[in-house]
Each structure stands twice: as C-alpha cells, then as structure tokens.
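Report on the structure given below.
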Amino acid sequence: RAFTPACPLGLPARLALSAGCSALPFVLQLSPPAFYAIGALAWVCLARAAYKAAMTAHAFAWTPKIARMTAPFLPKYSFSEEGSFYTADGAPADVVAKRRAGMAMLTAQFDKLSAGKESAELNAAIKEGLSDIRFTDTNRVPFPFQAVVRAKLSVSTVVKSSEGPWLVDTSGNRALDVSGSYGVNVAGYDRYKAFAKHGLATVEALGPNVLGPLHPVIAPVIGALRAISGLEEVSFHMSGTEAVMCAVRLCRFNTKRPLIVVFSGAYHGWWDGVQPGPGSERPVADVLCLKDMAPASLALIKLRASEIAAVLVSPLQGLNPNASPPSDMVLMDSKMRKAEESVRLYTQWLHTLRDACTTANVPLIFDEVYTGFRMSTRGAQAFYGVQSDIVVYGKTLGGGMPVGVVCGRRELMRRFDADHPVRVAYVIGTFAAAPLTLGCMDAFLTWVQSADAAGAYAEAQRLTDDFITRGNKALVAEGFPLRLQNLTTVWTVLFTTPGRYHWLFQYYLRAEGVALSWVGTGRCLFSLDFKPADYDALLTRLLAAARRMRDDGWWHAGVTSQQIKARMGTEFAKQLLGLGDKVKAN
Numbered sequence: 202r203a204f205t206p207a208c209p210l211g212l213p214a215r216l217a218l219s220a221g222c223s224a225l226p227f228v229l230q231l232s233p234p235a236f237y238a239i240g241a242l243a244w245v246c247l248a249r250a251a252y253k254a255a256m257t258a259h260a261f262a263w264t265p266k267i268a269r270m271t272a273p274f275l276p277k278y279s280f281s282e283e284g285s286f287y288t289a290d291g292a293p294a295d296v297v298a299k300r301r302a303g304m305a306m307l308t309a310q311f312d313k314l315s316a317g318k319e320s321a322e323l324n325a326a327i328k329e330g331l332s333d334i335r336f337t338d339t340n341r342v343p344f345p346f347q348a349v350v351r352a353k354l355s356v357s358t359v360v361k362s363s364e365g366p367w368l369v370d371t372s373g374n375r376a377l378d379v380s381g382s383y384g385v386n387v388a389g390y391d392r393y394k395a396f397a398k399h400g401l402a403t404v405e406a407l408g409p410n411v412l413g414p415l416h417p418v419i420a421p422v423i424g425a426l427r428a429i430s431g432l433e434e435v436s437f438h439m440s441g442t443e444a445v446m447c448a449v450r451l452c453r454f455n456t457k458r459p460l461i462v463v464f465s466g467a468y469h470g471w472w473d474g475v476q477p478g479p480g481s482e483r484p485v486a487d488v489l490c491l492k493d494m495a496p497a498s499l500a501l502i503k504l505r506a507s508e509i510a511a512v513l514v515s516p517l518q519g520l521n522p523n524a525s526p527p528s529d530m531v532l533m534d535s536k537m538r539k540a541e542e543s544v545r546l547y548t549q550w551l552h553t554l555r556d557a558c559t560t561a562n563v564p565l566i567f568d569e570v571y572t573g574f575r576m577s578t579r580g581a582q583a584f585y586g587v588q589s590d591i592v593v594y595g596k597t598l599g600g601g602m603p604v605g606v607v608c609g610r611r612e613l614m615r616r617f618d619a620d621h622p623v624r625v626a627y628v629i630g631t632f633a634a635a636p637l638t639l640g641c642m643d644a645f646l647t648w649v650q651s652a653d654a655a656g657a658y659a660e661a662q663r664l665t666d667d668f669i670t671r672g673n674k675a676l677v678a679e680g681f682p683l684r685l686q687n688l689t690t691v692w693t694v695l696f697t698t699p700g701r702y703h704w705l706f707q708y709y710l711r712a713e714g715v716a717l718s719w720v721g722t723g724r725c726l727f728s729l730d731f732k733p734a735d736y737d738a739l740l741t742r743l744l745a746a747a748r749r750m751r752d753d754g755w756w757h758a759g760v761t762s763q764q765i766k767a768r769m770g771t772e773f774a775k776q777l778l779g780l781g782d783k784v785k786a787n
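Each residue of the sequence shown is one higher than the one before, starting from 202 at the first, in the working numbering.
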C-alpha cells in the first residue's frame, strides 16, 4: 500500500526512501500515515541539504580550487632568445632591438655586481646545495621567461652586514632594503641587534638551550602579550606557520567541529592544512575557502555554524581582498595587478565578520604573523578596532629570533578534555619558550610599548604616505604605467596598462641598488629606521629604473588585453603540439 500511485508524495518520495533506507521490508509494512511522515522528513532533509549546498557554492571562492585542479595539466613552455622572449607581446622590430640592447646592458651590470671572487663562489655553492634558493630563484618571474632570465640575471643571495636600512654584500655593493626580511624587520636592523644583545645578556647565566625549566623573563613576556592581545592565555612556538597549526588544532578540539573557514587569497603559512590553492597536494575537504568581503560568506558562516571550528582571517588582505599575496611571478597575462584603498571598507568588513562570528558562536582567529606590530604597536586588532578570540603572532615579535605565539580565550586554549582524560590536543614543541627567544622577545615588547616606539610608528606612517604621494605624482608626470599603493608601511607597485614584461621592473630596481624579496615589487616594506634621506634615495632609484625600463622598450604602447590573451592561447596550443620554442633546460 505504501507504494501505490495514490501516495501524494509520488515518485520523488519513493526514490528518496529507496536510496536512504536499508530496511526495505520494514518500510513496506508501514501504515500510510507513518510512510507519509517519513517521506515528509526525507523531503525536509533533502531540501535542507540542497539549500546548504547552494549557499556553500554561492559563497565559495572557486579560484584556488580550480587553480589547484588545473595546475597538473598546464604545460610549461619557455621562450628562447632567438624565439619569443623579446616578442611575446608582438612588439615591432625596432622595439625588439631596444630590448635586446637593454637586456645586454642589464646583464653586464648584474655580472659586475656579482663579479667578486668571494661573492661568485658563495652564490654558486649556495645555489648548488640549497633547495630553498632553487625554489625562489625559479619563482621570481612568469615561467615562460625563466630560462633566459636565470641564465642572464643572477641575483646575489649573500650579504655580510647591514647599515641602517642598507645591506652590504660580499663584493661591497650597497642596496637599500625594502624586502623587510619577509615582514620580520619592522623596527630596523640596528634595533634587532640591540634586542639580541639584551636577550643574550638576560639569559646568559642559564644558557640559550636549557629547555623545560622556564626562565623568569617569561613572566613579563606573558604579561605584555596578554595586555596587547586582550586575551587570557599564551602559547609559544617556533614559527608563524606552527602557531597557525596550533590555533586551528585547538579550535577543532575545543569546539568539536571539523571545518575551518579561510578567505580567498589569504596566506596562512605553508602548512597544507590551510592551503586550498596550488602549493600543496593534500586535499582539504575540511577547509571552506570563501569569498572575502562578501555577504554570502557571512550568511554561510551563520548557516553552517554547527560545523565550523573557527574563521581564520589575515588582516593584510585589506590591501588586496580576494587576491593572492602579490608576486611578480603572476604578472604574466593581460590582467593588471590591483590593490584597493580599502582601509575603511575592510574595517567595516572585519567588524561585520566579528558580529557574525559572535552571533554564530564561531571563534574568530586573527592571523597577525605578518601584520602583528607592523600596522600598529598593538597589531591589527588595535588598527582595525576588532577583538578576536585567538590571535597568532610571529616574525618581528621574536626580536630577531624565530618565534610563533598564540594568544587566546582560556576555553579555546585548553588541550585536554576534563570529561574524557584520554582525549587531548597534542600541541607542544622542543624549542617552545626557549630562553634566548624569550629574552629577545622581552626586549622587543619593552621597546614596542614605549613612547619612543609610538613616535617611530607615527613618523614612519607620515613619511610613507608622503613617499607614496610624491612617487605617484612623479610617475604621472613622466607618463610611466606605474602607481604606488600602501597600507601602513606595507606598499606595492601597481601597473596601470596591460603588458607581459612588468615583472622585469624588479631587475631594473635591483640594478639601481634596491634590495627586494623574491616576490619582487609585489610586496615591499619600510622599516621604522628609514630616514627622509632614505625615502628620497629610494624614489630617485625607482624613477631611474622606470626610465631605463621605458627607454629599453619593455613598455610597448598599443598592446591590448585581447591581443595578449590571444598570444598566450596560441603559445599553449603550440606547446601541446610540440611547436614551441626549443630551450635548453637549466
């Protein structure tokens, strides 16, 4: 009787029950009211599942997932000098001649910079044996251009001293450093030298490697971190990545929920547990990568709150929402790299996100490994006026030593289950709270809470804003397709017209004596020891590099986005057919 055509739920109900019920004989014996009730419940469950799937798809950031899925299938191809290296944008013969001459001069200059015997030997030995360098060296520029660039433009990797914001290599060349040591150098290198001396003196009697027992300096360090973070407990680790791992594990443990929310483009360390895009082969089914600054994401967090252990956010995304950390390597197509002036909008977003997490009872984690103590003396929480449930610090907090720190609400920092003694969250590390690290951290925290630090931060912000204003005015006046953008002392170079050679600007900057990290002009940093004369020197070098880039023909006028896209499509097709440039592997 249950499966008669008279059943008002009809075929869908019968299919749903057939698929979802293993006790078919029992179902066949149900009375019509019971069958209708089960059918209605099945429909409700299906509708809820469909609604959740639709909401998830609407809020989901598909770009990282698609990029990871397609990465294994995209063929690599390389341009040769005799082939397409100088003509990738279809430039005419006279422009190509300028480019060849310009590259010859640039190559000669780079050869001269690394001509010293000691420098040449050290660079050769390091590149031969250090896999880290091989990775960064192959990721400075878009892959079709890498073979020629690696052969011609050898970037020196060894420096022997620092003088304020200037670095001196083994050949005696001086370069103005805007790499910021990947975010570590906030205070200025000379201050970190002082922090290191203070730290060693503080723990000298105990020794730097007495581990297990705690040095007394840990007490003021914990007190300062609690006051700055506004949170109750502290946990020490050896790197920012490790600290993020700790925060995620503790949230999953204490909420008993599986999912972690991250936002598109945000970087939370190299751990594969929070890397939804290329860079990791591990499937991340327990991570929801959502659109940044999107109402749909807020709605999904509320909808799936019972599954979400934490929302992990990088405050630095205010500079480039929904985009990966800028790198010259990605300047390979017709898209112009952009950054939004979004302090006000991103502040509003973070406040709205905070409210959504509070309403949904979902912990909010601020990943301040990069932004902590760069955006303000009290970090991004103070800069944006948002209190998180857990905050993760690293980089500069160590006062020059490797460090990761997690500060959090007491109920989220617990590593044991009071009701189930065998259930624990194992988070520990041999060098956690190492004496020397704590001594250097104490020196940094003492300084960063001082009036001297407050004045240094304010002056750096003023000088940086002035540099950006003067720089953009000069770039406009000379007609360069460049603009500068900053968020506090973090700044980037933007390109305002389509082009396939924008990545080359980093090499002209290096030739003019500017030290950059391996991401090139994508993310640059000012340390607080930059003086007005240093800002002036940098602007002079930046404009000189732009003039050389223009005069050497790399910014060919008239190329359009459509033309570049068409050429790239042709290049991929030729590679698949075996008709691309023949380049010797190196």
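All C-beta atoms in this analysis are idealised placements derived from N, C-alpha and C, irrespective of residue type, glycine included.
On a predicted model such as this, the values are computed, not experimentally measured, just so you know.
Beta-bridge annotation (DSSP): S362 is paired with V369. Leaving aside the five residues that flank L710 on each side, the residues in its chain whose CB is nearer than 6 Å to its CB run, in chain order, A746. For F261, the beta-bridge partners assigned by DSSP are L491. When C-beta atoms of the stretch 502 to 514 are compared with those of the stretch 289 to 304, fewer than three pairs fall below 8 Å, so the two segments do not count as touching. With distances taken between CA atoms, T257 lies nearest to K503 out of V514, K503 and W471. Here DSSP, grouped into helix, strand and coil, assigns R711 to helix. It is roughly 7 Å from the alpha-carbon of P421 to the alpha-carbon of D643. Assigned with DSSP and collapsed to three states, R701 falls in coil, not helix or strand.
Exposed is the label assigned to R611, since fewer than 16 other Cβ atoms lie within 10 Å of its Cβ. P496 places its beta carbon 8 Å or farther from that of V488. P479 sits in coil when the DSSP states are folded into three classes, being neither helix nor strand.
Bounds of any beta strand (DSSP E) do not take in Q650, whose DSSP letter is neither H nor E. Rounded to whole angstroms, the gap between the alpha carbons of C246 and I461 is 24 Å. The beta carbon of V760 sits closer than 7 Å to those of D290, G291, P699 and G700, all from its chain and outside the five residues before and after it, given in chain order. The residue among N374, A395, S372 and L368 with its C-alpha nearest the C-alpha of S382 is L368.
DSSP places S357 in no alpha helix (DSSP H); its state is neither H nor E. Considering only A260, Y708 and E482, the residue with the shortest C-alpha distance to S465 is A260.
Looking at the DSSP output, D618 shares a beta bridge with H621. If you look at Q764, you'll find it in the alpha helix (DSSP H) that goes S762 to L777. Counting along the chain, no beta strand (DSSP E) covers R341, and no H or E run does either. In the DSSP assignment, L780 falls outside any beta strand (DSSP E), carrying neither H nor E. Per DSSP, the beta bridge partners of S436 are V607. By the C-beta criterion, the stretch 765 to 777 is judged to be in contact with the stretch 271 to 291, since at least 3 inter-stretch pairs fall below 8 Å. The C-beta separation of V342 from W704 comes to about 5 Å, placing the pair in contact by the 8 Å criterion.
Each residue's CA atom was taken as its position, placing S320 and M446 some 38 Å apart. Annotated as distal: L729 and A376, with beta-carbon spacing of 8 Å or more. Going by beta carbons, T597 and V360 fall outside the 8 Å limit.
Per the C-alpha coordinates, the member of Y702, T693 and G580 positioned closest to D666 is T693. In the same chain as V607, and ignoring 5 residues on each side of it, the C-beta atoms closer than 6 Å to its own belong to S436, A444, C447, A448 and V593, in chain order. By the Cβ rule, the stretch 660 to 676 does not count as touching the stretch 424 to 436, because fewer than three pairs are nearer than 8 Å. In the structure shown, V694 falls within a strand segment according to DSSP collapsed to helix, strand and coil.
Segment contact: the stretch 332 to 351 against the stretch 278 to 286, three or more CB-CB distances shorter than 8 Å; contact assigned. In the three-state reduction of the DSSP assignment, Q588 falls in the coil class, being assigned neither a helical nor a strand state. The beta carbon of A583 sits closer than 6 Å to those of S577, all from its chain and outside the five residues before and after it, given in chain order. A residue is called buried when at least 16 other Cβ atoms come within 10 angstroms of its Cβ; V625 does not meet this threshold and is exposed. The DSSP-derived three-state label of D568 is strand.
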